[in-house]
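**Student:** Got a structure here, written out as structure tokens. Questions coming.
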Amino acid sequence: MDNNIAQPPTRLQQTYDVIFRGVCRSSAVLTALLVAFIVIKITVAAMPAMRQYGVNFVTTTTWDPLTRNFGILPEIWGTLFTSFLALIVGTFFGVAAAIFLSEGLLGQFIFAVLKAVKMETNPFLSQLPDRLEGIIKNLIELLAAIPSVVYGLWGIFILIPMIRPACNWLCAKLGWVVFFGTPLSGPGVLPAVIVLSIMILPTITAISRDALVAVPPKLRMAAYGMGATRWETILAVILPVATRGIAGAVILAFGRALGETMALAMLVGNANKISLSLFSPANTLASLLANNFPEAGPQEVSVLMYASLVLLAITLVVNIIGAWMLQKAVGVGGGR
Amino acid sequence: MDCDGQNGKDVVIDCCINDLHYGSFKAVRDTHIPIKKQKITAFIGPSGCGKSTVLRCLNRMNDIVRGFRFSGHVHFGGRDIYHPSIDAVAVRRHIGMVFQQPNPFAMSIYNNVAFGLRLNRYKGSVAEKVEEALKRAALWNEVSDKLQKSGLSLSGGQQQRLCIARAIATDPKVLLMDEPCSALDPISTRKIEELMLELKTHYTIAIVTHNLQQAQRVADETGFLYVDTSEGGRTGYLVEFGDSKQIFEDPQQQHTKDYIGGAFS
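Top line first, the protein sequences correspond to chains L and C. Each residue of the first sequence is one higher than the one before, starting from 1 at the first, in our numbering. Each residue of the second sequence is one higher than the one before, starting from 1001 at the first, in our numbering.
Spelled out as structure tokens, the structure:
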């Protein structure tokens, strides 16, 4: 009997097990409860405003605390307009960067340079292509680490003065184009869009890169074996397989852009306008909330809660679609 | 090494490797294999002997590997495909390849086969060519009613035949097959072997195989590669090359005798 190494778990081990399981389970449940708690509390707080303004709240354009007229259509428009434009810019650059990083283009280039100077077998330098690729990838991901308010300050004091002459020139010469219809007097849609697209770039690049790297190498080999050039391979074979993952990345980035507050509150101009002009000031739901809560009386609080509920609904829907698409992307191209 | 001499007129690819490196690793040395027109040439040998590497040399697939260096020549159509003026991509359009793992693209069966035709901006009827290729690959009867279905929906053996159809749709001069049956069941393997014997009437085929019986069944000529560990690395080289019958029944080299006799694998 005593020769047996195998022993049943002791009471202590069993207790650990129970405690550990309990901690994990309650953490998970608490998180879920927290989400429910937030949504319920906001809904309850928004109830008075919902009863008073109903659907008119999202279809009218005035925001006047004095006459108690509240409508957030311009903010909904501004939120979607800036996010959508930022998404176009961010997706273009983000996916391009992801391709560059996933296809080893940089590494190949550096290797070619090393080869030209006959240093490619040098033990230190031969690591360089992979290392530089890693550094660039980390730098792009570091964009996500810059605080929102820093982006805002950068936008106000550097970006806006930088783009203003060009914008006003465009407005003067091509003012008949609806997107250039007004001059850029300071904050406005374009600076907000530029900063927003930089902010969502790391999300798009990182997830798209993962999707591209996950494309089975055998497909690449098949395309090269057919005599496809690098670009034919990327465009015709690799990108289609990675599309779902990239689409998921884009939707997650969209969710982030919709909810972005600080930088936009500083850059978008906070004007209650619906305009297609890129240079016109506008407003977004998030920056409306940030700007109005300090002076909000009891009734405005309810109105703001209503507005935040609308924002919450928009981002929730977008995020659910994104998560669903990412889930679908897993396993695509795996096959045999 | 001496690469001249035995090249008759019927040699399509004359492969002569002096040294082949990946970075500082010497993968293959002294290997001369002439691949003859409308014959099946098999490369056999133990794992890691570089037979796949040699095969990939023939359509410059190794160029994709960073650090690849090559000394020697591969004559194809009267020119050295490693000459600096030759584009590796162009080489691969003339010399098709079938891989170990079936690797159809994530697109329809039709588009898989039409891929190469579109790549080469084929002017004639793509549909006709697709049908012809699928018929030659002995797949037409199984897929003619579902050409728009995904290539990935097929079974492993069908996928491999689809890959063969894709490779031959552009009428390459030579078809390289890198262990095309190793991921397949015996019935699919048999089908592919029969297919190879049929394709021989149109194409020149070079095949790498782990399966000695397979080489015996299909190959006209066989090269045996072995690993040389004397310099510390693992460098593959050609031990013996000749008529399959001779290689399998009357090998001249001791290594070949041992390998064919099953002394090692």
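Think of the CB as a built atom: it goes at the ideal place given N, C-alpha and C, for glycine as much as any other residue.
Pull up the distance between the alpha-carbon of T82/L and that of V178/L, whole angstroms please.
**Tutor:** Distance between the alpha carbons of T82/L and V178/L is about 16 Å.
**Student:** Which partner residues does R1079/C have in the DSSP bridge list?
**Tutor:** According to DSSP, R1079/C bridges with F1076/C.
**Student:** For the alpha helix (DSSP H) holding L1238/C, just list the boundary residues, first then last.
**Tutor:** First-last for L1238/C: T1235 to D1243, but that is the beta strand (DSSP E), not the alpha helix (DSSP H).
**Student:** I want to see whether chain L comes within less than 9 Å of G1261/C, judged by CB atoms only; does it?
**Tutor:** Chain L contact via Cβ: absent.
**Student:** For T1041/C, which three-state DSSP category applies?
**Tutor:** Three-state result, T1041/C: strand.
**Student:** In chain order, what residues of the same chain have a beta carbon less than 6 Å from the beta carbon of A1219/C, not counting five sequence neighbours either side?
**Tutor:** Taken in chain order, the residues that qualify are I1040, A1042 and S1244.
**Student:** With a CB to CB cut of under 8 Å and the five nearest residues on each side skipped, what residues in its chain are close to N1120/C?
**Tutor:** The residues are R1093 and T1170.
**Student:** Does the beta carbon of Q108/L sit closer than 9 Å to a beta carbon anywhere in chain C?
**Tutor:** For Q108/L, the answer is yes, since a Cβ of chain C falls inside 9 Å of its Cβ.
**Student:** Closer than 7 Å, Cβ to Cβ, to anything on chain C: give me those residues from the stretch 217 to 234 of chain L, in chain order.
**Tutor:** Answer set for the stretch 217 to 234 of chain L: K218, L219, M221, A222, Y224, G225, M226, G227, A228, T229 and E232.
**Student:** Could you give the DSSP three-state label for T67/L: helix, strand or coil?
**Tutor:** T67/L: coil per DSSP, three-state reduction.
**Student:** Using a Cβ-Cβ cut-off of less than 8 Å, list which residues of the stretch 1064 to 1092 of chain C approach chain L; keep chain order.
**Tutor:** The residues in question are I1064, R1066, G1067, V1089, A1090, V1091 and R1092.
**Student:** Along chain L, in chain order, which residues have C-beta atoms closer than 7 Å to that of V1232/C?
**Tutor:** What sits at residue 1232/C in the sequence shown is Gly, not Val. What G1232/C touches in chain L: nothing, since even the nearest Cβ is about 16 Å away.
**Student:** In terms of residues, what are the limits of the beta strand (DSSP E) holding F279/L?
**Tutor:** Here F279/L belongs to no beta strand (DSSP E), and DSSP marks it neither H nor E.
**Student:** Would you list, in chain order, the members of the stretch 1149 to 1160 of chain C that have their beta-carbon closer than 8 Å to a beta-carbon of chain D?
**Tutor:** In the structure shown, chain D does not exist; the protein chains are L and C.
**Student:** With distances taken from CA atoms, which of L66/L, A263/L and L87/L is nearest V318/L?
**Tutor:** The residue with the shortest Cα to Cα distance from V318/L is L87/L.
**Student:** Does the ligand NAP have a heavy atom nearer than 8 Å to the CB of T1031/C?
**Tutor:** Among the ligands in the structure shown, none appear at all, so the ligand NAP cannot be discussed.
**Student:** Got a sec, what are the start and stop residues for the alpha helix (DSSP H) N1141/C sits in?
**Tutor:** W1140 to V1143 is the extent of the alpha helix (DSSP H) around N1141/C.
**Student:** Under 9 Å between C-beta atoms, does P161/L make it to chain C?
**Tutor:** For P161/L, the answer is no, since every Cβ of chain C falls outside 9 Å of its Cβ.
**Student:** By Cβ distance below 8 Å, which residues in the same chain neighbour D210/L in space, the five residues on each side in sequence not counted?
**Tutor:** Here the set comprises G245.
**Student:** Measure from the C-beta of C1015/C to each C-beta in chain L and report whether the shortest distance is under 9 Å.
**Tutor:** Not closer than 9 Å to any Cβ of chain L, the Cβ of C1015/C fails to qualify, so no.
**Student:** Quick one: does G104/L have its CB under 9 Å from some CB of chain C?
**Tutor:** It does; some Cβ of chain C falls within 9 Å.
**Student:** Is DSSP giving K1036/C helix, strand or coil here?
**Tutor:** Strand.
**Student:** Report yes if the CB atom of V303/L is closer than 9 Å to the CB atom of A296/L, and no otherwise.
**Tutor:** Yes, the pair counts as a contact, with Cβ atoms nearer than the cut-off.
**Student:** Going straight from the alpha carbon of Q1101/C to that of T1235/C, what length do you get?
**Tutor:** Their Cα atoms are separated by approximately 25 Å.
**Student:** For the 8 Å Cβ check, are there 3 or more pairs between the stretch 1247 to 1259 of chain C and the stretch 1052 to 1070 of chain C?
**Tutor:** As far as the Cβ criterion goes, the stretch 1247 to 1259 of chain C does not touch the stretch 1052 to 1070 of chain C, which means the pair count is below three.
**Student:** May I ask you to report which of helix, strand or coil DSSP gives C1016/C?
**Tutor:** Strand at C1016/C.
**Student:** Helix, strand or coil for Q14/L? Go by DSSP, reduced to three states.
**Tutor:** Note: Q14/L maps to helix in three-state DSSP.
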